[in-house]
Structure formats: C-alpha cells, structure tokens
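Worksheet: the structure to be examined is printed underneath.
Chains as they are written, first to last, in our numbering: chain F, 195 to 708; chain X, 24 to 142.
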C-alpha cells in the first residue's frame, strides 16, 4: 500500500478527463449549431454510427437551445472554455468562402440534425460528422469550394483537408487520410436496418425507445460498458438522464438500502456539496480519494462486518481560511453507518491511530497523539504531518481530523470530519436519517455552484501554492472551472442501480438567472 | 578619422570627402559631428529593427492565412484543448512529496499497518 501511495498518479483523473471531454464535445456541438428547424429522427442518428465508435453525440433542434434565454450563462461559460482562435479563424474563412457569416454557416451546416462520432484509429483518432443539410447548401458547398471528385462519389475538399459523401439529405464528412470511420458511416447509410451500429446496442435502443432529446450522448466506458446520456431543457435549466455501468469510482453505486432525498436536502442546505448514498460493499478502490484515506488507516474485515448500509458526505459552503495562508480550504465530513456503536468506537479510534502512524512514517515525523476529547469522540492534528507529506500543499490544513461515533434515532454512525463546521452540520442532520426507509433512490446529492466557484477563484489567485510546477495552467483551469460552476446555481442528482452492473440517474442543473 | 593626421595633403582630403566624411575645423565642430553621427546611426538602427519586425509580422500573418487549420480538426482540437484546460485543475491536487522521508528506525513504522489488527 505504501508503494502505491508513493507512486500515486491520480489514476481516477483519467476517467474524469474522458468524461469531461465527452461532455465538452457534446456541449460544443450544441453551442456551434445555430438556428434550425426540428429534424426527424427516423433516419441517420446513431443508426449511422458503427458500434465500435468510442463516442457519438447527436444534437437536434439546436435553434431552441440557442434561443433559450435561461441557458445564456451556461452557454457563455462553455463558449469561453471551448472557443479558440484557430477554430474561429477556420470557421470564418469557410464562411467567407461560402459568402455567409459565421453564425449563418452554423445554422446551415450544423443546425438541423448532426451526429459527431469518433473512435481510435490505427495512428490517431478518426472522426466523422453526419449532418442534415438543405440540398441547396450542399450545392453551394460544391459550387464555391469546388471539391475534387474522389472514388465512390466522394468529394475531396483539399484546402479544408476533408472528404465528404452526400447521402441526401445527409452530408457525411471526415478528415483526409483517416476515413475509416467515414467509410463505415457511409456504409451504414447505404445498408438496410441498423445491424452493427450503435443503435443496435441495448442501452442505446433504450434511448431510441424514449422521447428524443435535443442532445444525446453515447460513449464507451472504461470498464467496457456503454454509457448514454440525454439532455433536455427544463423549467429552471437542463435535465440530464444517464444510464451506464456503475462499478467504477466515481460512478460506482451500491444498492443496499434506499436513501431519503429529504435527508440529503436537509444536509445540503447551506452546504457546498452534500451526498447521501449506500456504503460501497465492493472491493476497495484505491483510485478514489475516500477509499485511499480509509485504506491508509486500514479498514479490516471486522470493521467491514460492522458497517451499516448508508453513508453521507457534506462539504461546507464557508471554507476555512488557513491561518496566515489566506487560501480557503473546504471542510468535509463523512458519516458511515455502523451496526454496533461501542465496537465501532474502538475500531475507528484504532483506525485513527493507524492512519497517524502511517502518515507520520511517510513524513519521517513522530505520530501525533489521538486525543479523546469527549465520550466516543477523538481528535488528531495531522496538519504538520500532511504539510510534510504533501510538500506544503494548502490542503494539509484539512488535517485537523475528528472521529466520533454517534448513536440516536437515525441509527449508529461513525463520523469523520476535517473541520468543526462540517462536523456539526453532519451531526445535526443524522437524526433526519430515520426517514430513509422507502423509495428507489440509492444515491442522491446536491451541489451549489456559487460557493464552489468562489473557492476555485481563490485557488486560481494563489495558484503557485497549489501547483508549483505549472501555476499558470492550474490558474487558467481553476478560473474556467469557477466560471462553469458559477453558471450553475444548484445541481441535484439521483441515481439508482437497475441491475447487477447497470445504474441510471437524473441530474438537474439549475442555471443561474441571466 | 575626422582629424586627418596630415591635413596638408589634398589627395587624402578629397578622398575622405568623396567617401562622405566631413572635416571639422575645430574640436567643437568635431563634437557636433560625432553627436550627429550617433543620432543618424540611432535612427538607422531603429529603422532596421522596425523593418525586421514588419517582415516578421507579415510572415507570421501570411503563414497563418495560407496554412490555416481545417475546420473539422480545428473544431476537435478546440474541444480537446478546452477539456485540457479544465483538466489542469487536477494539477492542484495534493501529491505526496517526492523527497524521501527520513528513515525513522525505531520510530513510527508501518509494520502494524501491513498487519491489520482485528477486533
């Protein structure tokens, strides 16, 4: 375990990065598409994408998205993230060649019904776009850009290094030299039925069975499953529906006991983040930070046997500012249900001792004492140790750890916290947990955008303390993340496990008022 | 240079004049000539720098216009770049120090960690 910690390279970041890229691609297609009438979904769509595609995004009726004033803050934040000089220059150049402005080009080329797909190629990623366009626009493309005729009726736009096939009313476009995916998509257009395409996959068929959404996203998950997501506009923002494999952090989900959204809402009031769910009963996953923390103190079989079904997390909205440092750091508290409170107290107090020993060993310091500050409540100050282990990182300020076992009408809980405010907040909410005895939700959570945005902005302003080797990149990323978080007043999600390896859920993003 | 060592020789005088030199009749005039020469050279250097900058600017802009990125690849590149910018937030997460901790023989060891106790 020690070796793994020392060679920690944040493997969970890879999954997060992929998910982020997928979402930003979906948002970018939506942001690029402009005014357009609704398209019919009977042809094209995921039936035109081969089943081995890594990612496919379909955007329909983008005009409504663009015209929706409620989405302006979110769209502005996404555009500032995704815009680049290279893209705008290329887009404007193409628009100029076609005798229209950039916005009109978006309307004409991406506005009706567009599918973007990509998959790993022999040398680099292959991508292709199937977009429904007016035949007059296709004629204009041919007239103004004068493509060379290629094999199989393809048109080669040498200047734009693109190849296109016209399957009225769809134009299928791909890059020169990487036409494998384009070829497969054209074959799918020419074939009868949807065999061998994404549309034939069971999880995607569910998407097609329901009402079409303006944005649909399908991607291959790390574990080999297929994830799908739909996005619709709602009264207060955007509603996302997700379905896919739920065995890997951060999407892993246990179905031990239904959770009570009302408890989550209570916990979320005045917090930056609150989550209520089922304790993970699968193997420990060192990719996740909570598992890693628990593993550092060693959670043995006896402790596992004493665990209950539920767990909860809260992050305070008012971060603590480190003395003399000025950097706000979040206060968090985790509550884990236990069966026997007395046994849990001895187990978790010993866990705190082992955690101290382990971390102090890494720092080359003496282990700080675990002090019993009240009945069934212990405190340990790991800040000096963490400052050494994490080379002075501001998060070392989270090292004032408290462990408490709480018994009451809501059950028996062990409570781990990094700050008094979060500790009190969680402790106060635990009696509310009694109501969690019915329903089909296995995890629910709420996050408030503005306090998270404020914290990220503060971190961006003190970037050198967080990322010494690349402060500029971190500051830029944190600023962008703050802008995105600031565009979302509140996010609420509910997840449930539907069968052995599959989870589904919804997430409502309340966009701030423009 | 402005004070010929043998002013009485007409050949030298005429050659120097043809080469563009001016003869200063006294030290004050020589100082004025030197100052004027420095000013002229300063202006020449400025003009040369501006010319180089103008050529570089023309080359850079011209290069961008003639070898622009294809729209499709530019679109994908823009999205990947945007995701990468957000990804940079992860650079700020705490990482264990690369400095090896001093060996604390007899101190807090992780031996009991590798042998978890049961209760």
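A virtual CB, placed ideally from N, CA and C, is assigned to each residue, including glycine.
Keep in mind the model is a prediction, meaning the values are calculated, not measured.
Contact check for residue 94(X) and residue 451(F): beta-carbon distance about 52 Å, past the 8 Å limit, so the pair fails to qualify.
When secondary structure is reduced to three states using DSSP, residue 565(F) falls in the strand class. Within its own chain, the residues whose Cβ lies closer than 8 Å to the Cβ of residue 40(X), once the five positions on either side in sequence are excluded, are 46, listed in chain order. At least one beta carbon of chain F lies nearer than 7 Å to the beta carbon of residue 109(X).
DSSP places residue 369(F) inside the beta strand (DSSP E), whose first and last residues are 364-369.
Taken in chain order, the unbroken stretches of alpha helix (DSSP H) that lie wholly in the region 244-280 of chain F and span 4 residues or more are 256-261 and 266-276. With a beta-carbon spacing of about 7 Å, residue 280(F) and residue 101(X) fall inside the 8 Å limit used to define contacts. The beta carbon of residue 589(F) is closer than 7 Å to those of 523 in its chain, skipping five residues each way along the sequence. Residue 380(F) sits in a helix when the DSSP states are folded into three classes. Between residue 367(F) and residue 323(F), the C-beta spacing is below 7 Å. DSSP places residue 104(X) inside the alpha helix (DSSP H), whose first and last residues are 94-110. Closer than 7 Å at the C-beta level to chain X, one finds these residues of the region 662-689 of chain F: 664, 667, 668, 670, 671, 672, 674 and 675. Contact residues of the region 561-587 of chain F toward chain X are 561, 580, 582, 583, 584, 585, 586 and 587 (C-beta to C-beta distance below 9 Å). Sequence-distant partners of residue 604(F) (beyond 5 residues in either direction) whose C-beta falls short of 6 Å from its own C-beta, in its chain, are 624, 625, 627 and 628.
7 Å or more divides the Cβ of residue 579(F) from the Cβ of residue 594(F). Secondary-structure assignment with DSSP links residue 506(F) through a beta bridge to 470(F) and 529(F). By the 16-neighbour rule on beta-carbons within 10 angstroms, residue 67(X) is exposed. At least one CB atom of chain X sits nearer than 7 Å to the CB of residue 321(F). Under the three-state reduction of DSSP, residue 522(F) is assigned to strand. CA-CA distance, residue 543(F) to residue 116(X), rounds to 27 Å. The DSSP assignment places complete alpha helix (DSSP H) segments of no fewer than 4 residues inside the region 316-345 of chain F at 329-339, in order along the chain. Separation of residue 341(F) and residue 299(F) (C-alpha to C-alpha, rounded to the nearest whole angstrom) is 18 Å. For residue 623(F), the enclosing alpha helix (DSSP H) begins and ends at 614-623.
Residue 527(F) and residue 610(F) do touch by the CB rule: their CB atoms are close to 7 Å apart, below 8 Å. Linking residue 457(F) to residue 448(F) through their CA atoms gives a straight-line distance of about 18 Å. Against chain X, the beta carbon of residue 601(F) has no neighbour under 8 Å; the closest one sits roughly 18 Å away. Within the same chain, no residue comes within 6 Å of residue 48(X) by CB-CB distance, once the 5 residues on both sides are set aside. Per the Cβ contact rule, the region 246-265 of chain F is not in contact with the region 659-671 of chain F (fewer than 3 Cβ pairs under 8 Å). Taking 7 Å as the cut-off, the beta carbon of residue 680(F) is found closer than this to the beta carbon of residue 643(F).
Across the set 669(F), 645(F), 266(F) and 664(F), the C-alpha of 669(F) shows the shortest separation from the C-alpha of residue 655(F). Taking 9 Å as the Cβ-Cβ cut-off, the region 358-385 of chain F approaches chain X at 367, 368, 369 and 370, given in chain order. Rounded to whole angstroms, the gap between the alpha carbons of residue 697(F) and residue 270(F) is 31 Å. Taking the Cα positions, residue 599(F) is about 9 Å away from residue 572(F). For residue 605(F), there is no enclosing alpha helix (DSSP H); the residue is found in the beta strand (DSSP E) stretching over 605-611. Between residue 390(F) and residue 245(F), the C-beta gap is smaller than 7 Å, which places the two residues in contact. Residue 463(F) and residue 469(F) have their alpha carbons spaced roughly 12 Å apart.
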